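Undergrad: Mind looking over this structure? Questions follow.
Protein chains: 4
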Amino acid sequence: MSLTGVIPPVCTPMTPAYEVDTASLVRLVDHLIAGGVDALFVLGSSSEVAYLTDAQRRTVLQTVAGHVGGQVPVLAGVIDMTTPRVLEHARVAVAAGASGLVATAPFYTRTHPEEIRTHFRTIAARAGLPLYAYDLPVSVHTKLSADLVLELSREGVLAGLKDSSGDDGGLRAVVMGREAPFSVLTGSEVTVDSALWMGADGVVPGLGNVDPRGYAELFRCASRGDWEAARAEQERLVRLFEIVHVGGSRMGGSSSGLGAFKAALHLRGVIDCPVTALPQIPLNEDEVGRIGKLLAAAGLL
Amino acid sequence: MSLTGVIPPVCTPMTPAYEVDTASLVRLVDHLIAGGVDALFVLGSSSEVAYLTDAQRRTVLQTVAGHVGGQVPVLAGVIDMTTPRVLEHARVAVAAGASGLVATAPFYTRTHPEEIRTHFRTIAARAGLPLYAYDLPVSVHTKLSADLVLELSREGVLAGLKDSSGDDGGLRAVVMGREAPFSVLTGSEVTVDSALWMGADGVVPGLGNVDPRGYAELFRCASRGDWEAARAEQERLVRLFEIVHVGGSRMGGSSSGLGAFKAALHLRGVIDCPVTALPQIPLNEDEVGRIGKLLAAAGLL
Amino acid sequence: MSLTGVIPPVCTPMTPAYEVDTASLVRLVDHLIAGGVDALFVLGSSSEVAYLTDAQRRTVLQTVAGHVGGQVPVLAGVIDMTTPRVLEHARVAVAAGASGLVATAPFYTRTHPEEIRTHFRTIAARAGLPLYAYDLPVSVHTKLSADLVLELSREGVLAGLKDSSGDDGGLRAVVMGREAPFSVLTGSEVTVDSALWMGADGVVPGLGNVDPRGYAELFRCASRGDWEAARAEQERLVRLFEIVHVGGSRMGGSSSGLGAFKAALHLRGVIDCPVTALPQIPLNEDEVGRIGKLLAAAGLL
Amino acid sequence: MSLTGVIPPVCTPMTPAYEVDTASLVRLVDHLIAGGVDALFVLGSSSEVAYLTDAQRRTVLQTVAGHVGGQVPVLAGVIDMTTPRVLEHARVAVAAGASGLVATAPFYTRTHPEEIRTHFRTIAARAGLPLYAYDLPVSVHTKLSADLVLELSREGVLAGLKDSSGDDGGLRAVVMGREAPFSVLTGSEVTVDSALWMGADGVVPGLGNVDPRGYAELFRCASRGDWEAARAEQERLVRLFEIVHVGGSRMGGSSSGLGAFKAALHLRGVIDCPVTALPQIPLNEDEVGRIGKLLAAAGLL
């Protein structure tokens, strides 16, 4: 059974004291499921996984898995530097009832393709859950080659790929080279129609937190072959995606993007507080105002 | 009181089952102290910190701090992606009795200098121990600018810098711009004499695990102004440093470098087993043989 | 009048003595025009422009422009490090009768967006021909932002963009943000159907040297809205594109890719000699044999 | 006969119309020779070689070689993307009477070490002049490994290395591994004393345009073993080097650095006009004022 459809990386709402706001998190999950998503991905980059302590990660997992209660699959990010640390996160995710794991290649260390191979093989062998490779060169500073992904797919090590590399030629090489069942998911917010057109199975859009209905509609249109409608919906979402650039050059891309998603969720009344974890820079009032205008233009306010 | 001298990043010996080998670790600590080092740095990159689980990190800290019992300062690496996760490690290090903390800029996330500033300020404010910035662009993918380091030094946020960037012009800018007391430590194995010549206070050499006496001798020569002798000792150590290239292109630089240090420690009888953590690639018999020859040439076997 | 359709970057056939083989070049041009291409791009990366002396560049320009005689537009690459050097190439291109110029951002120098803006403005002001920006981060080590491209489009500085960045989200931002007439051309061989789907106007495929009919057919299918047929043709071309990987890791990507195009043109009888310029590494007999098999599988031998 | 001492990369003065100002160039050469330099390097990065047309490069070469008339060696940069283009520049340099050539690895193309080897071998075989490898990763985006440099040295292909990589560990590996005569020259302005201490033979400092006496004095002190005096002089020059940062983040590093050298030469009365080539951003009045203060602080105004 291969994963398909819209699988948003669930934001992690926080209290003003930077603790996980479980009440808001539950509301966000309801908002996503009501929006028609097919599965949830917790503890991904858009979830601020890099900023959450292990205890906070556990809280997120237990809150979401407990609340969802099997209605939809819940994938868990197990993001850390190397195999032994990823395995620790995997144990927690398995215990919390996750449906699958999402892991990157090793980072911080200086890595070789043969080591990346061992990394994924070891996680798959020990974790006992379907494993998805997360290709995110902007964070990991390594690109997973299509050849490596396909080899690990054929071996049964990987159940799928979340491709956030922006390299749609590489995504297509995996789509054309794979043998079913292997889920190819794009992590892009802005080329979803074309990724589905190439044969991708689904999408993991950070912006899906803000507008789950939009991505669900896009996916439905594509599934029934109404590509014109899919494109129109995609273009609306491209314009909405402008919110991630509002923070501009006075902050890093993580602050700007994650701050925008949370500000939008707050403006839409889904979460109580738009705060992002330290050391991110908060958006100011003017910037939040511009996000409000973009939401309104997209019909979301 | 500013930190000076030779402060090796202590390797983490493991059992064949990849557990921390505390008996070997204690012997390694004794070997280093007997070799004349001035302080110890546990949980740095050469300690395989990126590969150790939190429980293993705690074991290392407690073992070393307990065994050393205040004979020499023990710095603790608190290496993780962002501020909240670093603070967790800091709490453990404080509880274990560390003398100071060593932290990098955030990684995995897309970071801005203003966020790096907040990161170090927050750690310093909450940890209650002297904080050393660890500049390691090859892992962190950000270079700490001399201006940023000096600003944080003037504020009292940073007690020192471990510069593993290889950029000795940048190191010199910090040395010339600092106001005492601020420890500038080079992380290079091969330009220690010149870093000390420029005014650096000490060195954190991974190779110091293998030959602590060599670096202690180098530092003593420099301290008494016998630069010719310092250079001769440095050149001997440069030749010994060849061991890190023995693994060549069939593995990543971490496997090759850390594997070489452990193979050498095993050949010298200091640790029981040369195994490195997953997913690193082990050195083969031929490669270990070449390391043995380089040790012999350096007078260490 | 905006440029559309298939505009292959014309390979530069050479003699065994590394001189421009003008007879083969003329045959290649005929092969491309007979294949149904809409325009030609000489002196691009696939033309080995980086390896051609100024005299050779002039020979190529004069040979192609003279032979084509206005049948189709001929764009000329003016690839060099900075504005003054690019202007020299532009003068030659104008004199030879080029229809438009293709320029990258400055490279080798450490450049700022404001300098890139001045660069394109100066070229456009002095050259007197439509100017196309060439976004090729793998060579230039700068990515042209959609904002910068659109600003220069609105100013009338740029007539179009050749996007070889592989970032189809960025290409879409330009397509959606542009005001006509502004040609958006993808430089990708493997995501042409999706780029056209997003609204791109054409394609500049290196592989179009080998199979111009394939790309012309792909473009025609897309133009008449038969997207299924366009995708089928694209997927055939993706499989053919495997030829660029035959050289593997024993050579650089330029040697492998450009060598493959020339080997295929030689096998197909279009050019006399498959040699590539120094210091590229030639493909060996076995590798050429594998290219032959891929050509046969694509119905081209 | 191996090249040693201070070999400044000679700035290229320009008229307000961006033509080579040969009168100022001659005065600059006299200023450098009077300052005690040992040789001249024309058409390097600090000479704005990337911005000069071929005609301008020729003018510079002929002006300097003609004026110097053999008093000191004149090295010529032959900076271009690949072997055939470098060979063209080499022919001009030979004809103009250059004493040696300075070439980088190929850039713009995607290059392999084996291709870099062929590149240098071909240039050396055809040019008939001593060839110096120029290691400048910030521009070329490749680092020359010590192993490759030493292999080409042993073969007689390379006569020396200009190391502008900032990696003094790599420089030391070449110094310790070379077999005489092979000139190792640092391109750093700020670690000259330490490079000489390691055994480097000389220095190619852009800042040497502004203060040739300073570098000549530094080299003399080192040569006679007065390292304390060498360091004091170096530290004075480090403070002067602050001029290259005055342009800050509103321009690229080339604009800021080259603009500062020319502004200082203009303030010191050596050249008539401080203009830099397009598309560089000029320093403003305030920035030039700050350069003036730094010159005064260094005793140069």
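Protein chains in written order, with our numbering: chain A, 1 to 301; chain B, 1001 to 1301; chain C, 2001 to 2301; chain D, 3001 to 3301. Just so you know, even glycine gets a beta-carbon here, dropped at the ideal spot from N, CA and C. Note that the coordinates shown come from a computational prediction; the quantities given were computed from them, not determined experimentally.
Would a check of beta-carbon distances place A/Glu88 closer than 9 Å to chain B?
TA: Yes, because at least one Cβ of chain B sits closer than 9 Å to the Cβ of A/Glu88.
Undergrad: Assuming contact is defined by CB atoms lying nearer than 9 Å, are D/Pro3008 and D/Ser3046 in contact in what I supplied?
TA: Contact flag set, yes.
Undergrad: Can you give the beta carbon distance from B/Val1013 to B/Leu1025, rounded, assuming they're within the 8 Å contact cut?
TA: The question names Val, yet the displayed sequence has Pro at residue 1013 of chain B. That belief holds up - the Cβ atoms of B/Pro1013 and B/Leu1025 are roughly 5 Å apart, short of 8 Å.
Undergrad: For a quick check, are the C-beta atoms of C/Asn2242 and C/Leu2294 less than 9 Å apart?
TA: The sequence given here has Glu at residue 2242 of chain C, not Asn. Yes, the pair counts as a contact, with Cβ atoms nearer than the cut-off.
Undergrad: Is there a Cβ of chain D sitting closer than 9 Å to that of B/Glu1019, yes or no?
TA: With 9 Å as the cut-off, B/Glu1019 does not count as an interface residue toward chain D.
Undergrad: What residue from D/Glu3151, D/Gly3214, D/Gly3160 and D/Leu3144 has the CA that sits closest to D/Leu3131's CA?
TA: D/Leu3131 has its Cα closest to that of D/Gly3160, out of D/Glu3151, D/Gly3214, D/Gly3160 and D/Leu3144.
Undergrad: Just to make sure I have the definition right: I need the residues of chain C whose C-beta is within less than 7 Å of the C-beta of D/Val3138. Which are they?
TA: Within 7 Å Cβ-Cβ: Arg2110.
Undergrad: Buried or exposed, going by whether 16 or more other CB atoms sit within 10 Å of the CB of D/Asn3284?
TA: D/Asn3284 should be labelled exposed.
Undergrad: Please confirm whether C/Met2176 has its beta-carbon closer than 9 Å to some beta-carbon of chain D.
TA: No, its Cβ sits nowhere closer than 9 Å to a Cβ of chain D.
Undergrad: Curious, which full-length alpha helix (DSSP H) runs of at least 4 residues does the region 2088-2139 of chain C contain?
TA: Counting only runs of 4 or more, we get 2113-2127.
Undergrad: Is any beta-carbon of chain C found at less than 9 Å from that of D/Leu3025?
TA: Chain C, which has no Cβ nearer than 9 Å to the Cβ of D/Leu3025, makes this no.
Undergrad: Can you pull the chain A neighbours of C/Thr2191, defined as C-beta to C-beta under 7 Å?
TA: Here the neighbours are Asp168, Gly169 and Arg172.
Undergrad: For a quick check, are the C-beta atoms of B/Val1020 and B/Gln1071 less than 9 Å apart?
TA: No; because the gap between Cβ atoms is not below 9 Å, this pair is not in contact.
Undergrad: Can the beta-carbon of D/Val3037 be found closer than 9 Å to that of D/Pro3212?
TA: Taking 9 Å as the Cβ cut-off, D/Val3037 and D/Pro3212 qualify as a contacting pair.
Undergrad: Rounded C-beta distance between C/Met2198 and C/Arg2172? I'm assuming under 8 Å.
TA: Contact flag correct, Cβ pair sits at about 5 Å.
Undergrad: According to DSSP, which residues form a beta bridge with C/Gly2005?
TA: According to DSSP, C/Gly2005 bridges with C/Gly2202.
Undergrad: Candidates B/Tyr1051, B/Gly1069, B/Val1042 and B/Val1068: which alpha carbon is nearest B/Val1060's?
TA: Closest option to B/Val1060, Cα to Cα, is B/Val1042.
Undergrad: Give the straight-line distance between the Cα atoms of B/His1245 and B/Gly1257, rounded to the nearest whole angstrom.
TA: Roughly 7 Å between the two C-alpha positions.
Undergrad: Going along chain C, which residues have a C-beta under 9 Å from A/Ser194?
TA: Within chain C, the residues near A/Ser194 are Asp2168, Arg2172, Thr2191, Asp2193, Ser2194, Ala2195, Trp2197 and Met2198.
Undergrad: Specify the secondary structure class of B/Leu1040 as computed by DSSP and reduced to three states.
TA: B/Leu1040: strand per DSSP, three-state reduction.
Undergrad: Excluding the 5 residues preceding and the 5 following A/Tyr51 in the sequence, name in chain order all residues of the same chain whose CB lies nearer than 6 Å to its CB.
TA: These residues qualify, in order along the chain: Ala277.
Undergrad: Please confirm if the region 1101-1113 of chain B is in contact with the region 1122-1130 of chain B, defined as three or more CB-CB distances below 8 Å between the two stretches.
TA: Flag = yes, the region 1101-1113 of chain B and the region 1122-1130 of chain B touch.
Undergrad: Which residues bound the alpha helix (DSSP H) around A/Lys262?
TA: Run containing A/Lys262: Gly253 to Leu267, per the alpha helix (DSSP H) assignment.
Undergrad: On a CA-only basis, which of D/Gln3234, D/Gly3097 and D/Asp3163 is nearest D/Lys3143? Give me that one, please.
TA: Measuring from the Cα of D/Lys3143, the nearest candidate turns out to be D/Asp3163.
Undergrad: Taking 9 Å as the threshold (beta carbon to beta carbon), is B/Arg1239 in contact with chain D?
TA: By this cut-off, B/Arg1239 is an interface position.
Undergrad: Using three-state DSSP, classify D/Asp3163 as helix, strand or coil.
TA: D/Asp3163 falls in the strand class under three-state DSSP.
Undergrad: Hey, would you say C/Val2029 sits closer than 9 Å to C/Val2068, going by beta carbons?
TA: Yes, these two residues count as a Cβ contact at 9 Å.
Undergrad: What whole-angstrom Cβ distance do A/Pro181 and A/Ser2 have, given they're in contact under 8 Å?
TA: Right, the Cβ-Cβ distance comes to about 4 Å (below 8 Å), so this counts as a contact.
Undergrad: Spatial neighbours of D/Val3238 within its chain, please: CB distance less than 6 Å, with the 5 preceding and 5 following residues excluded, ordered by chain position.
TA: For D/Val3238, where only same-chain residues beyond five positions count, the Cβ hits under 6 Å are Val3190.
Undergrad: Using beta-carbon positions only, say whether A/Ala263 and A/Glu287 come within less than 9 Å of one another.
TA: The answer is yes: Cβ separation under 9 Å.
Undergrad: Who are the Cβ neighbours of D/Val3149 in its own chain at under 7 Å, not counting the five residues just before and after it?
TA: Ala3133, Leu3158, Leu3161 and Val3174.
Undergrad: What residues from chain B crowd round D/Ser3099, counting only those whose CB sits closer than 9 Å?
TA: Neighbours of D/Ser3099 on chain B: none; closest Cβ ~29 Å, over 9 Å.
Undergrad: Any Cβ of chain A within less than 9 Å of the Cβ of B/Pro1016?
TA: No - not a single Cβ of chain A is within 9 Å of the one on B/Pro1016.
Undergrad: Within its chain, find whatever has a CB closer than 8 Å to the CB of A/Trp227; leave out the 5 residues flanking it on each side and keep chain order.
TA: Contacts found: Asp193, Trp197 and Cys221.
Undergrad: Between A/Cys11, A/Gly66 and A/Phe261, which has its C-alpha nearest A/Gly77's C-alpha?
TA: Closest by alpha carbon: A/Cys11.
Undergrad: Leaving aside the five residues before and after B/Thr1083 along the sequence, list all residues of the same chain whose C-beta is less than 6 Å from its C-beta, in chain order.
TA: Cβ within range, chain order: His1119 and Thr1122.
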